[in-house]
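What follows is a short report on a single structure.
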Amino acid sequence: MSKLKDCQFIKITIDGKDVAGSSEEKKYINWMEGFAPKGITSYAYDDGAGFESVHLSVLATKDTSTLFEKYLQRGYKNINITTVYRGSDKHNKDYEIQRTVFEDCHFLGMGFHKGEDGLFIDFTFSFTGSVEVTFNVPNAKATGLDKIGPINYGIPEKTHL
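For the sequence shown, this note's numbering begins at 200 and goes up steadily by one.
Here it is as structure tokens:
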């Protein structure tokens with residue numbers, strides 16, 4: 200069971216090593232628990248889709264302090280971030296509504312705040328590699344779930360208005 204109510208599960212990999220989190224949820228052992236208020240937002244540009252930066256808030260632990268250290272030192276070459284939104288309904292008691300994998304991420308800002316459930320690390324990132332998203336949605340007859348994706352999109356090197 201997750202420590203946070205209605206949370207998302209977040210996995211961050213820096214230079215091929217996962218940053219450990221405190222999740223004890225069976226499918227997401229050692230992932231981080233936190234909140235990603237918006238899933239993903241895209242905009243149409245002349246040369247393809249562009250994406251808004253993403254804001255996450257993760258429950259702080261000793262291991263997640265690595266995020267702040269790497270941010271301050273700029274001591275990383277490659278960051279990949281996966282977010283999972285889960286749901287429960289008459290079709291399935293526990294399923295992934297949305298899974299998004301962001302590749303080649305760049306921290307834009309980082310801070311801390313105290314919440315009801317403890318200390319949180321807040322950060323915003325952009326991504327320049329690719330994004331892959333998978334959804335599970337009720338089918339047209341409302342008798343089960345349909346999987347959409349994974350849909351993978353590589354970000355063009357230059358995206359502008």
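Heads up, the beta-carbon is just placed ideally off N, CA and C, and yes, glycines get one too.
All of these numbers come straight from a predicted model, not from anything done at the bench.
What separation, rounded to the nearest whole angstrom, lies between the Cα atoms of residue i and residue j?
{"i": "Asp316", "j": "Thr240", "result": "28 angstroms"}
{"i": "Thr299", "j": "Gly348", "result": "11 angstroms"}
{"i": "Cys304", "j": "Phe324", "result": "6 angstroms"}
{"i": "Asn338", "j": "Lys346", "result": "9 angstroms"}
{"i": "Phe267", "j": "Lys216", "result": "15 angstroms"}
{"i": "Asp350", "j": "Glu331", "result": "In the sequence under discussion, the amino acid at residue 350 is Ile, which differs from the Asp named in the question. If I take the Cα positions, the gap works out to 5 angstroms."}
{"i": "His359", "j": "Gly353", "result": "Only weak support is given to the placement of His359: the predicted model assigns it a pLDDT of 44, under 50, and the value that follows is read from those uncertain coordinates. Each residue's alpha carbon lies about 15 angstroms from the other."}
{"i": "Ala341", "j": "Asn291", "result": "12 angstroms"}
{"i": "Leu258", "j": "Gly249", "result": "29 angstroms"}
{"i": "Lys204", "j": "Lys313", "result": "16 angstroms"}
{"i": "Gly286", "j": "Gln297", "result": "9 angstroms"}
With H, G and I counted as helix, E and B as strand and the rest as coil, what does DSSP make of residue i?
{"i": "Thr342", "result": "coil"}
{"i": "Lys210", "result": "strand"}
{"i": "Lys204", "result": "coil"}
{"i": "Lys225", "result": "helix"}
{"i": "His359", "result": "Since pLDDT at His359 reaches only 44, below the 50 mark, its modelled position is unreliable, and no value is offered."}
{"i": "Glu315", "result": "coil"}
{"i": "Val336", "result": "strand"}
{"i": "Pro236", "result": "coil"}
{"i": "Val218", "result": "coil"}
{"i": "Ile354", "result": "coil"}
Just to confirm, is the Cβ distance from residue i to residue j under 8 angstroms?
{"i": "Phe301", "j": "Phe334", "result": "no"}
{"i": "Glu224", "j": "Phe208", "result": "yes"}
{"i": "Ser264", "j": "Phe234", "result": "no"}
{"i": "Leu344", "j": "Tyr284", "result": "no"}
{"i": "Met309", "j": "Tyr270", "result": "yes"}
- prompt: Using 8 angstroms as the Cβ pair cut-off and three pairs as the minimum, do the region 206 to 215 and the region 279 to 295 touch?
  reply: Segments in contact, yes.
field: Uninterrupted beta strand (DSSP E) stretches inside the region 242 to 308 (no shorter than 3 residues)
entry: With a minimum length of 3 residues, the continuous beta strand (DSSP E) runs that stay inside the region 242 to 308 are 247 to 250, 253 to 258, 278 to 286 and 294 to 301.
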